[in-house]
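Protein chains: 2
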Amino acid sequence: MQWVNVTIRLMKRDEKKLRSHCPVNYGLEAFGDRWALLILRDIVFRGKRTYGEFLASEEGFSTNILASRLDHLLAIGILQRDDDQTDGRKAIYALTPKGLDLIPVIFEIVLWSAKHDKQSQAKRIPRLIELIQKNNRQLSAEIMKRLAIGRGILSDYLD
Amino acid sequence: MQWVNVTIRLMKRDEKKLRSHCPVNYGLEAFGDRWALLILRDIVFRGKRTYGEFLASEEGFSTNILASRLDHLLAIGILQRDDDQTDGRKAIYALTPKGLDLIPVIFEIVLWSAKHDKQSQAKRIPRLIELIQKNNRQLSAEIMKRLAIGRGILSDYLD
DNA sequence: ATATATCGCTTGCACTTTGCAAGTGAGTCC
DNA sequence: GGACTCACTTGCAAAGTGCAAGCGATATAT
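And the structure:
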């Protein structure tokens, strides 16, 4: 039997060139997948940090999808991954500064849904909604500080 | 040959029940597809209104994808469709109030990309970026008024 | 020390969605 | 009436998704 060496250059998802550098398109290609933003939500609102915690989300991640989205968010610098110091099996995911800057975007989405989804669970956090309305940017800045030390913000605003 | 009558209840995409009423998830399921938001961008920034105009976007819609996303945005009430009064072949797509309320979301995405994409085309509209930074909500309100009468905002802010 | 469980993934496979090219039918222009 | 435009629809290969099962490394119980 004869053999030939073949080199394939596989283009990883994140090396694909962007379709455009329009700022809307950039944002969408960077984080724009549904599942990716749900990971960020879990971190910001629920204080989740590990693969297993994300997996338990009510929307139901598939394991492979979760892994691929985490990879993606790491690759573009929205998340960072550190080893857990007390349990060698665990990995801790956290927002980078670039990721933290997405909080105002998430908040605007929350505001929109609170207004247009009749059944929105946002009804349960009227104080938070009001604060976002008043000054999204300022609130976001405070949440960024809190995330650096704490574990998610939702519980603080459940009346 | 024997026949049997079978009734299938096909569930249309937009009748699928939401995975959750979490406000972030609602937003993502409502408009959360990349292509859907690019349509909104084309309307807000470029003043596009017809199928053919959307199709010409630099990111390259497939015809079937464009059609399906327009359907979706109509179904959830973000867009409305009217017949062109002067040309029976054309359809005019426009944002409903629910769609107009997405402008602040789009603006926050623009802001994030302007900050984190080194090659962002946002460099070409520094005045607009600055205005969004100062007061996204107020600017959005003005843009909503302008969209009701005019044809997209980008040209106003190209220095 | 050994067995069992947990954690963060990866793999296989059926199914769905996408992207591209080629229609199609109604309306317009000449 | 014939060519063209507009807003789609269709067919099909390729890519992506969802589910279940597996895997290697670490941790825990006996």
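Line by line, the protein sequences give chains A and B. Reading the first sequence from the start, the letters are residues 87 to 245 in the working numbering. Reading the second sequence from the start, the letters are residues 87 to 245 in the working numbering. Glycine included, every Cβ here is placed at the ideal spot set by N, Cα and C.
Whether Tyr243 of chain B touches Ile211 of chain B by CB criterion (7 Å): yes
Neighbour list for Gly146 of chain A in chain B, Cβ cutoff strictly below 8 Å: Arg105
Three-state secondary structure assigned by DSSP to Ile195 of chain A: helix
Integer Cβ distance of Leu124 of chain A from Ser143 of chain A, believed to fall under 8 Å: 6 Å
Proximal residues, the segment 199-210 of chain B versus chain A, C-beta separation under 8 Å: Ser199, Ala200, Lys201, His202, Asp203, Gln205, Ser206, Gln207, Ala208
Proximity test, Cβ basis, 7 Å: Trp216 of chain A and chain B: Here residue 216 of chain A is Glu; the residue named in the question, Trp, does not match the sequence. No, because no Cβ of chain B sits closer than 7 Å to the Cβ of Glu216 of chain A.
Ile239 of chain B to Lys176 of chain A span [Cα, whole Å]: 48 Å
Ala122 of chain A versus Leu156 of chain A: straight-line alpha-carbon distance, rounded: 7 Å
Asp169 of chain A: first and last residue of the uninterrupted beta strand (DSSP E) it sits in: Its beta strand (DSSP E) spans residues 165-169.
Whole-number beta carbon distance between Pro190 of chain A and Glu194 of chain B, since they are thought to touch under 8 Å: 5 Å
Chain A contact for Gly138 of chain B (CB, 7 Å cutoff): no
Straight-line gap, Phe158 of chain A to Trp198 of chain B (C-alpha atoms, nearest Å): A quick correction: the sequence has His, not Phe, at residue 158 of chain A. Straight-line Cα distance between these residues: approximately 18 Å.
Within-7 Å CB hit, Lys184 of chain B to chain A: Interface flag for Lys184 of chain B against chain A is set, since a Cβ pair is found closer than 7 Å.
Inter-stretch contact (C-beta, 8 Å, three-pair minimum) for the segment 202-216 of chain B and the segment 163-171 of chain B: no
Interface flag, Asn111 of chain A vs chain B, CB-CB below 7 Å: yes
Simplified DSSP state of Lys98 of chain A, which is helix, strand or coil: With a pLDDT of only 43 at Lys98 of chain A, under 50, the local geometry of the prediction cannot be trusted, and the value read off the model is given with reservation. Residue state, collapsed to three classes: coil.
Proximal residues, the segment 224-245 of chain B versus chain A, C-beta separation under 7 Å: none
Cutoff 7 Å: Pro190 of chain B Cβ touching any chain A Cβ: yes
CA nearest to the CA of Leu186 of chain B, picked from B:Glu139, B:Arg232, B:Thr172: B:Arg232
Cβ neighbour criterion (16 or more within 10 Å) applied to Gly113 of chain A: Gly113 of chain A comes out buried.
Within chain B, the residues that Gly118 of chain A reaches when beta carbons sit closer than 7 Å: Arg120
As assigned by DSSP and simplified to three states, the class of Leu244 of chain A: coil
Local conformation of Leu233 of chain B per DSSP, three classes: Note: Leu233 of chain B maps to helix in three-state DSSP.
Those residues which DSSP pairs with Leu126 of chain A across a bridge: Answer is none; Leu126 of chain A lacks a bridge partner.
Chain B contact residues for Ile195 of chain A, given Cβ-Cβ distances below 8 Å: Pro109, Val110, Gly113, Leu114, Val191
Within chain A, partners of Leu248 of chain B - CB distance below 8 Å: Nothing can be reported for residue 248 of chain B, as the shown portion of chain B is limited to 87 through 245.
Ile215 of chain A, DSSP secondary structure in three states: helix
Straight-line Cα distance separating Gly174 of chain A from Ile192 of chain A: 32 Å
Coil, strand or helix - Ile178 of chain B by DSSP: strand
Environment of Cys118 of chain B [buried if 16+ CB atoms lie within 10 Å]: The question names Cys, but residue 118 of chain B is Gly in the sequence shown. Gly118 of chain B is buried by the Cβ-count criterion.
Under 8 Å by beta carbon: chain B residues contacting Arg127 of chain A: Cys108, Val110, Asn111
Of the residues B:Thr172, B:Lys220, B:Val110, B:Ala180, the one placed nearest Arg127 of chain A, counting alpha carbons only: B:Val110
Other residues of its chain near Ala227 of chain A: CB distance less than 6 Å, five sequence neighbours each side excluded: Contacts found: none.
Check whether Tyr179 of chain B and Arg135 of chain B have beta carbons under 7 Å apart: The answer is yes: Cβ separation under 7 Å.
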